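Peer 1: To start, I am sharing the structure in question, which I have written as structure tokens.
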Amino acid sequence: MKLIRFTSLFLFLYIPFTLSAQQIAPVVEDSVSSKQTDRNIRGVNPPALKSFIIPAVFIGYGFVALNNNTLRKLDISTRDEIQEDHPLFANHLDNYLRFVPAAAFYGLNLVGVKSKHSIADGTGLYVLSEAIMGVSTFTVKHLADRNRPDGSNNYSFPSGHTASAFAAAEFLNQEYRDVSPWIGYAGYAVATATGAFRLYNNRHWVSDVVAGAGFGIASAKLAYLIYPEVKRMISGKKQVNYSLVPTYQQHAVGLAFSSTF
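With mature numbering (1 follows the signal peptide of the UniProt record, and there is no 0) as the guide, the letters of the sequence shown map in order to residues -21 to -1, 1 to 240.
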């Protein structure tokens, strides 16, 4: 029940914030049509800079919580309440949920619901999103040196699982928001559930999860900004074909990426 309340609260806060940000984001027109064409390779439309407000707030909250006694007490009290009510909770669905929004992208295309971009470009955007997320969270984890609630290691901040899930959710939202905003909301619901499982599994503090959401959203938005340039540098004018295949090694689920030019 608390998992449902946590998910509902996060979506209640996030969705109105998203709608407001979309309303105030300006439409910027490039006066030089050739430059506009270059920036929008194969239809990639970069998000407005103001759309980074939401993830910046989430990330900022997480960093403040590292040294703020009030927010730190909230982290501890939330962990204590969850562990008191669910001391034996151990469900590792979060290891798989984080990939569901990205899987939905391929599933929807498979049944004929076309995304904004082709599967090849969509794959490139998703892989770039996850790469940015992975590098940023890995770096911050080692710099923050924060102990996990279960004491297993000092790589608690931010939550990498949550960041991965929200990067995938924002990617799904970018690809299908013109088809139906509810597809994006569904992706965010799954991502929020991933974060909730990290709390219930005693692997992260609340501020880890909030910051992880911010890192994930920001990573996907940044990927949409820089993808045209990255693609141009890698392939020039050549056609690039991507493939993304689920893998299972050493009891861990992952994704194998390959490209051909």
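All C-beta atoms in this analysis are idealised placements derived from N, C-alpha and C, irrespective of residue type, glycine included. Predicted, not measured: the structure shown is a model, and the values here were computed from it.
Quick check for students: name the residue ranges of the alpha helix (DSSP H) that lie wholly in the region 135 to 183, counting only runs of 4 or more.
Peer 2: DSSP runs (the alpha helix (DSSP H)) wholly in the region 135 to 183: 139 to 155, 160 to 179.
Peer 1: Look at phenylalanine 84 and glycine 101 and say whether their C-beta atoms are less than 8 Å apart.
Peer 2: The residue labelled residue 84 in the question sits at position 105 within the sequence shown. The residue labelled residue 101 in the question sits at position 122 within the sequence shown. Contact flag set, yes.
Peer 1: Closest to leucine 72 by C-alpha separation, out of Asn180, Val185, Leu204, Asp187, would be which residue?
Peer 2: The residue labelled residue 72 in the question sits at position 93 within the sequence shown. Taking only the C-alpha atoms, the option nearest leucine 72 is Asn180.
Peer 1: Inspect the beta-carbon positions of leucine 151 and glycine 163 and report whether they are closer than 8 Å.
Peer 2: Numbered from its first residue, the sequence shown carries residue 151 at position 172. Numbered from its first residue, the sequence shown carries residue 163 at position 184. Closer than 8 Å, so yes.
Peer 1: Taking buried to mean at least 16 other C-beta atoms within 10 Å of its own C-beta, is threonine 16 buried or exposed?
Peer 2: As a working mapping, residue 16 is identified with position 37 in the sequence shown. With a pLDDT of 37 at threonine 16, under the threshold of 50, the modelled position of this residue cannot be trusted; read the value that follows with caution. The residue is exposed, with fewer than 16 neighbouring Cβ atoms inside 10 Å.
Peer 1: Short check: CB of alanine 27 to CB of leucine 107, under 8 Å?
Peer 2: For the purposes of this step, residue 27 is identified with residue 48 of the sequence shown, where counting begins at 1. For the purposes of this step, residue 107 is identified with residue 128 of the sequence shown, where counting begins at 1. For alanine 27 and leucine 107, no; Cβs fall outside 8 Å.
Peer 1: Grab me the residues of glycine 167's own chain with a C-beta within less than 6 Å of its C-beta, minus the 5 sequence neighbours each way, in chain order.
Peer 2: Walking along the sequence shown from the start, residue 167 turns up at place 188. It is tyrosine, not glycine, that sits at residue 167 in the sequence shown. Ala148.
Peer 1: Sort Lys52, Ala35, Ser186 by Cα distance to serine 138 and report the nearest one.
Peer 2: Your numbering for residue 138 matches position 159 in the sequence shown. Looking at the Cα atoms, Ser186 is the closest of the given residues.
Peer 1: Can you give the beta carbon distance from glycine 103 to lysine 210, rounded, assuming they're within the 8 Å contact cut?
Peer 2: Along the sequence shown, one-based indexing puts residue 103 at 124. Along the sequence shown, one-based indexing puts residue 210 at 231. Confirmed, about 6 Å.
Peer 1: Could you check whether alanine 35 and residue 243 sit closer than 8 Å to each other, using their CB atoms as the reference points?
Peer 2: This structure does not reach residue 243, given that the chain is present from -21 up to 240, and the question cannot be answered.
Peer 1: Span of the alpha helix (DSSP H) holding aspartate 129?
Peer 2: Indexing the sequence shown from 1 puts residue 129 at position 150. Unbroken run through aspartate 129: none, as it is neither H nor E.
Peer 1: Alpha carbon to alpha carbon, what distance is there between tryptophan 184 and arginine 58?
Peer 2: As a working note, residue 58 is residue 79 in the sequence shown. As a working note, residue 184 is residue 205 in the sequence shown. Their backbone Cα atoms lie some 7 Å apart in a straight line.
Peer 1: Alpha carbon to alpha carbon, how far is phenylalanine 117 from serine 214?
Peer 2: The sequence position of residue 117 within the sequence shown is 138, counting from 1. The sequence position of residue 214 within the sequence shown is 235, counting from 1. Going by the C-alpha atoms only, they are around 28 Å apart.
Peer 1: So valine 92 and threonine 141 are supposed to be a Cβ contact under 8 Å. How far apart are they, rounded?
Peer 2: Looking up residue 92 in the sequence shown gives position 113. Looking up residue 141 in the sequence shown gives position 162. That pair is no contact at about 27 Å.
Peer 1: Please classify aspartate 54: is it buried, with 16 or more other beta-carbons within 10 angstroms of its beta-carbon, or exposed?
Peer 2: Translated into the one-based positions of the sequence shown, residue 54 becomes position 75. Burial call: buried.
Peer 1: Which residues in the same chain have their Cβ closer than 6 Å to the Cβ of proline 160, if we skip the five residues on either side of it in sequence?
Peer 2: As a position in the sequence shown, residue 160 is number 181, starting the count at 1. Same-chain partners within the cutoff: there are none.
Peer 1: If we count the other Cβ atoms within 10 Å of its Cβ and call it buried at 16 or more, is threonine 49 buried or exposed?
Peer 2: Position 70 of the sequence shown, counted from the start, is the residue given in the question as residue 49. When all chains shown are included, threonine 49 counts as exposed.
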